[in-house]
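Engineer: Below is a structure I'd like to ask you about.
Residue numbers (this note's numbering), protein chains in the order written: chain A, 1017 to 1391; chain B, 1017 to 1391.
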């Protein structure tokens, strides 16, 4: 009874069907776990043999994203395909789309894979970003730095995450060296935004256009890696409403289907006005997001279940939060404390099944519902 | 870094290790899902090719429980083995125990596999059961029915579940026909207990002897199959305390490690006394139990996570309940309502990935936290 549909047709997925997931990391793993609760099978496609998601997948393909024979076999088995990361090659999604429904639409990937296109898209919706300028050569870098001022940040346009592919340009920084450190890839310069806090909105849009967002998350980073998410964020009601509205406008403009995360800076409030906090969009992640991991323990529907519901064409679930909540990433050697965390009655431990912990590697996370959960 | 230990030694399981599960149904599936959240891999051993637990297992063995070569290979891969059902053959657990730690101890299986031994064990602890008598021949059946009165129930001593292998002996029932319907297997007769409600205690005992129980569950059956569980049960505080105490005494007497379920009848209260409700133990299930499924959505630690923690020698988690909760089984064609349930904002849907629904088959369950969970 598989509910396969060809690209362009309505997707009619039923429990028992197989959902394809490109990427085999912890996001794919948690998607597969959420799918299993709904009776869905997962087929995980990833290049690395020891991908954490393989351990909970009904079917596994170990192959490069450019392996068309493997992609074709993968497409044959799935009712719909999705992905855990935004850097899936465009050729891969184009190839798949001829063979099975792919959600969210690969156009959303294109908008988020390139920092320049992403910022231009966001600005085109009348939503603020940090000031930026494209950099193709050392001269453009010098002009951009002169305009935006120091410090500013030189970033590769593509394939950056967790602070990789970024150089801070300070007073006295050698612009030639900074340009060469990019290795010749297209880049942009971004002005520095002074912010009171960093927040994200985790939202979902269904195939029917329904939109549901979780409460705004406040995020703390350490060395460019998410360290802690707290919900609710310290934001005025108006600020929170504005943040959710930004996520909605972005999702609608992309005709998005699935979970999307929008990272924002909250500008330090201007004490002289009664206006809500200014919001500046930093990044769009067309996928489930680390700052939404708290939803597994802290919301009626987790972001992972929500994404599976959306890509299957099912109704979205309630995003209602169960309490004040904190999610803390276990990075590198943090994971060695697993037995201590298990003894903490207020903590929910999540481990990703990664064999080797390295500095900066996300090994798991811990959620604490801040209620009186002793006992 | 596998933490394997030979039988008799302390079990030192670490995240990343493999836990073996005998049986591949929905209980094994939910155990594997809970283990995966803790970074554990699961190796599911089951005879049926389409076992629901295979879809979420890191390793799978399709083999008969008597296949010693397959069991030996299975034991090689796991740090500890456990089971989802009590009717694992004794020869299987004895064979495994020579090769890997097995939890809970197979002695607990022996006590629950045979209705006669089970009732004798419970009575030996000073805990009440329904009156009973063993039946080896038609004469013994006649004597037992004369003593216990009609109606009473003739039950096979072994391999009964969900009302299978049972015959009600009424006024006018032909005892010869009743005896023959057992097919010559050892049986017992049980007297009928008049009860106000049926409850169960889901509890866990850790390798260190720690004991934790969830709040008492009240269960409604339909055609001998669990239909609805509601927590809290309609029981006095004293009655609830007594029920948890019974579970503790049983777990301690068995030197039990893992989750155990104890089903009880609550005798109709005697209005003439102020005593707590009388409790009569019906059955011990040495495993996670259908009446504990609500713990996935309604308790800090699910019964499945709790069982994995216990068999791994890890500290038990909090059994704290999050609210008033109802769990409703989806039996047979009930599952066809999956899309309607997905639209119900107060419902959490769980499907077991079974391909074919048959009357009486447990296809999934729905949990409702009875709070104001609209939105």
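Idealized CB from N, CA, C, for every residue including glycine.
As the structure is a computational prediction, the values presented were derived from the model and not from experiment.
Enumerate in chain order the residues of its own chain whose CB-to-CB distance from residue 1349 of chain B is below 8 Å, with the five nearest sequence positions on each side excluded.
Structural biologist: If we look at residue 1349 of chain B and ignore the five residues flanking it on each side, its Cβ neighbours are 1373 and 1375.
Engineer: For the segment 1232 to 1243 of chain B, which residues have a beta carbon sitting closer than 8 Å to at least one beta carbon of chain A?
Structural biologist: Cβ contacts with chain A: none found.
Engineer: Give me the Cα-Cα distance between residue 1183 of chain A and residue 1061 of chain A, rounded to the nearest whole angstrom.
Structural biologist: Taking the straight line from one Cα to the other gives about 33 Å.
Engineer: Relative to chain A, which residues along the segment 1061 to 1085 of chain B have a C-beta separation below 7 Å, given in chain order?
Structural biologist: Those would be 1071, 1072 and 1074, in chain order.
Engineer: With distances taken between CB atoms, is the gap from residue 1382 of chain B to residue 1344 of chain B smaller than 8 Å?
Structural biologist: Yes, the pair counts as a contact, with Cβ atoms nearer than the cut-off.
Engineer: Are at least three pairs of beta-carbons, each pair with one atom in the segment 1334 to 1344 of chain A and one in the segment 1259 to 1267 of chain A, less than 8 Å apart?
Structural biologist: Touching, no.
Engineer: Among B:1306, B:1193, B:1330 and B:1333, whose alpha-carbon lies nearest the alpha-carbon of residue 1377 of chain B?
Structural biologist: For residue 1377 of chain B, the nearest C-alpha among the options comes from B:1306.
Engineer: Express the C-alpha separation of residue 1271 of chain B and residue 1271 of chain A in angstroms, rounding to a whole number.
Structural biologist: If you take the alpha carbons of residue 1271 of chain A and residue 1271 of chain B, they lie about 59 Å apart.
Engineer: Show which residues of chain A have a CB atom less than 7 Å away from the CB atom of residue 1361 of chain B.
Structural biologist: Neighbours of residue 1361 of chain B on chain A, chain order: 1334.
Engineer: Answer yes or no: the CB of residue 1353 of chain B versus the heavy atoms of the ligand NAD, is any distance below 7 Å?
Structural biologist: Among the ligands in the structure shown, none appear at all, so the ligand NAD cannot be discussed.
Engineer: Of all Cβ atoms in chain A, is any one closer than 8 Å to the Cβ of residue 1380 of chain B?
Structural biologist: So yes, residue 1380 of chain B belongs to the interface.
Engineer: Helix, strand or coil: which one does DSSP assign to residue 1130 of chain B?
Structural biologist: It is a strand residue.
Engineer: Where residue 1213 of chain A and residue 1161 of chain A are concerned, what is the direct C-alpha to C-alpha distance, given to the nearest angstrom?
Structural biologist: Approximately 25 Å, taken between the alpha carbons.
Engineer: Counting only C-beta atoms, is residue 1366 of chain B closer than 8 Å to chain A at any point?
Structural biologist: It does: the Cβ of residue 1366 of chain B has a partner Cβ on chain A nearer than 8 Å.
Engineer: Within the 8 Å Cβ cut-off, does residue 1325 of chain A reach chain B?
Structural biologist: For residue 1325 of chain A, the answer is yes, since a Cβ of chain B falls inside 8 Å of its Cβ.
Engineer: Beta carbon of residue 1267 of chain B, beta carbon of residue 1215 of chain B: below 8 Å?
Structural biologist: Not a contact, by the Cβ cut-off of 8 Å.
Engineer: By DSSP's criteria, residue 1174 of chain B is part of a beta bridge. Which residues make up the other side?
Structural biologist: Note: residue 1174 of chain B sits in a beta bridge opposite B:1130.
Engineer: Residue 1253 of chain A: which of A:1063, A:1076 and A:1232 sits nearest, CA to CA?
Structural biologist: Residue 1253 of chain A has its Cα closest to that of A:1232, out of A:1063, A:1076 and A:1232.
Engineer: What did DSSP end up calling residue 1161 of chain A once you bin it into helix, strand or coil?
Structural biologist: Looking at residue 1161 of chain A - three-state DSSP - the assignment turns out to be helix.
Engineer: List, from N- to C-terminal side, the beta strand (DSSP E) runs of 3 residues or more that fit wholly inside the segment 1200 to 1239 of chain A.
Structural biologist: Here the runs fully enclosed are 1203 to 1207, 1211 to 1221, 1227 to 1229 and 1233 to 1238.
Engineer: Applying the 10 Å Cβ sphere with the 16-neighbour rule, what's the burial state of residue 1224 of chain B?
Structural biologist: Answer is exposed; the Cβ neighbour count stays below 16.
Engineer: As a quick exercise: from A:1069, A:1246 and A:1055, pick the residue whose alpha carbon is nearest that of residue 1367 of chain A.
Structural biologist: Nearest of A:1069, A:1246 and A:1055 to residue 1367 of chain A, Cα basis: A:1069.
Engineer: Check whether the segment 1191 to 1209 of chain A and the segment 1135 to 1150 of chain A are in contact - that is, three or more C-beta pairs closer than 8 Å.
Structural biologist: At 8 Å Cβ cutoff, the stretches touch.
Engineer: In chain A, what lies closer than 9 Å to residue 1331 of chain B by C-beta?
Structural biologist: Ordered by position in chain A, the residues that pass the 9 Å Cβ test against residue 1331 of chain B are 1355, 1358 and 1359.
Engineer: When DSSP labels each residue in this structure, what does residue 1336 of chain B get in the three-state scheme?
Structural biologist: Residue 1336 of chain B falls in the coil class under three-state DSSP.
Engineer: So that I know if they touch, is there some Cβ in chain A lying closer than 8 Å to that of residue 1196 of chain B?
Structural biologist: No - not a single Cβ of chain A is within 8 Å of the one on residue 1196 of chain B.
Engineer: Which complete beta strand (DSSP E) runs does the segment 1323 to 1373 of chain B hold, if anything under 3 residues is left out?
Structural biologist: Correct list: 1341 to 1347 and 1363 to 1367.
Engineer: Can residue 1360 of chain B and residue 1057 of chain A be called in contact, C-beta distance under 8 Å?
Structural biologist: No; because the gap between Cβ atoms is not below 8 Å, this pair is not in contact.
Engineer: What residue does the alpha helix (DSSP H) around residue 1076 of chain B start on, and which one ends it?
Structural biologist: Segment 1075 to 1078 is the beta strand (DSSP E) holding residue 1076 of chain B; no alpha helix (DSSP H) there.
Engineer: Using the C-alpha atoms, what's the distance from residue 1073 of chain A back to residue 1048 of chain A?
Structural biologist: Answer to the nearest angstrom: the Cα atoms are 6 Å apart.
Engineer: Please name the residues in the segment 1033 to 1060 of chain B whose beta-carbon is closer than 9 Å to at least one beta-carbon of chain A, in chain order.
Structural biologist: If the cut-off is 9 Å between Cβ atoms, the segment 1033 to 1060 of chain B has 1045, 1046, 1048, 1049, 1052, 1053, 1054, 1055, 1056, 1057 and 1058 near chain A.
Engineer: Using a beta-carbon distance cut-off of less than 8 Å, what residues from the segment 1111 to 1144 of chain B approach chain A?
Structural biologist: Those residues of the segment 1111 to 1144 of chain B that come within reach of chain A (Cβ to Cβ, closer than 8 Å) do not exist; the list is empty.
Engineer: Between residue 1369 of chain B and chain A, is the shortest Cβ-Cβ distance under 8 Å, so that the two count as touching?
Structural biologist: Residue 1369 of chain B counts as touching chain A.
Engineer: Determine, using beta carbons only, whether residue 1031 of chain B comes closer than 8 Å to chain A.
Structural biologist: Closer than 8 Å: yes.
Engineer: Can you tell which of B:1255, B:1097 and B:1092 has its C-alpha closest to the C-alpha of residue 1051 of chain B?
Structural biologist: The residue with the shortest Cα to Cα distance from residue 1051 of chain B is B:1097.
Engineer: Secondary structure at residue 1103 of chain A, three-state DSSP: helix, strand or coil?
Structural biologist: Here residue 1103 of chain A sits in coil by DSSP.
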